[in-house]
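Student: Yeah, the sequence shown ends on 103 if you go by the numbering used here, and it's all consecutive. Mind looking over this structure? Questions follow.
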Amino acid sequence: MTLAQMYELYKNSYTAFADIGDATYQDSTATITQVKARKCLPREAELASVGANVGLQTPLATFVLWDVSLDTAEPKPGGKITWPGSGAWTIVSLRREHFETQWRCLCRHDK
């Protein structure tokens, strides 16, 4: 199976999760509303990749964004994710996952 076929198979996998919310993604080139997202705890490897200074300064969370709901936008470090009930978060690091259907974004909470 090709990557394109796997993408088609998994692009709407957010429907399998009960805790999906609609977030807003914004950077200097795009503002996308109703982005399918899931907030979760960061993995140890994600925390290690940014160093202790970031983690000690502010609360961190990982947001999984589904590519299919981002239109053609691609998240980038410094971009903002607004999550209902907890305000804005700034992307510190990110990577594509799960056959490129998801963006896993480690974020720091904006104060």
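Positions of the beta carbon are idealized from the N, C-alpha and C atoms, including for glycine.
#1: Under DSSP, the beta strand (DSSP E) around Glu89 begins and ends at which residues?
#2: If we ignore side chains and look at the alpha-carbon of each, how far apart do Ala80 and Asp102 end up?
#3: Have a look at Glu89 and Leu57 and give me their C-alpha separation to the nearest angstrom.
#4: Which same chain residues, not among the five before or five after Val42, have their C-beta less than 6 Å away from its C-beta?
#5: Given a cut-off of 9 Å on the beta-carbon distance, is the pair Lys3 and Thr64 in contact?
#6: Just to confirm the assignment: which complete alpha helix (DSSP H) runs, minimum length 4, are found wholly within the region 7 to 79?
#7: Cβ atoms of Gly71 and Thr54: under 9 Å apart, would you say?
#8: What residue range is occupied by the uninterrupted alpha helix (DSSP H) comprising Glu0?
Tutor: So, from the listed chains and residues:
#1: Taking the sequence shown and counting its residues from 1, one reaches residue 89 at position 97. Looking at the DSSP string, the run of the beta strand (DSSP E) that includes Glu89 is 79 to 89.
#2: Your numbering for residue 80 matches position 88 in the sequence shown. Your numbering for residue 102 matches position 110 in the sequence shown. Answer to the nearest angstrom: the Cα atoms are 6 Å apart.
#3: As a working mapping, residue 89 is identified with position 97 in the sequence shown. As a working mapping, residue 57 is identified with position 65 in the sequence shown. Near 10 Å, if we compare the C-alpha coordinates of Leu57 and Glu89.
#4: Within the sequence shown, residue 42 is the residue found at index 50, counting from 1. If we look at Val42 and ignore the five residues flanking it on each side, its Cβ neighbours are Val84, Ser85.
#5: Along the sequence shown, read from residue 1 onward, the residue named residue 3 stands at position 11. Along the sequence shown, read from residue 1 onward, the residue named residue 64 stands at position 72. Cβ distance not < 9 Å, so Lys3 and Thr64 don't count as in contact.
#6: 36 to 42, 44 to 49
#7: Position 62 of the sequence shown, counted from the first residue, corresponds to residue 54. Position 79 of the sequence shown, counted from the first residue, corresponds to residue 71. No, they are not a contact pair.
#8: Numbered from 1 along the sequence shown, position 8 holds the residue referred to as residue 0. Here the alpha helix (DSSP H) through Glu0 covers -5 to 2.
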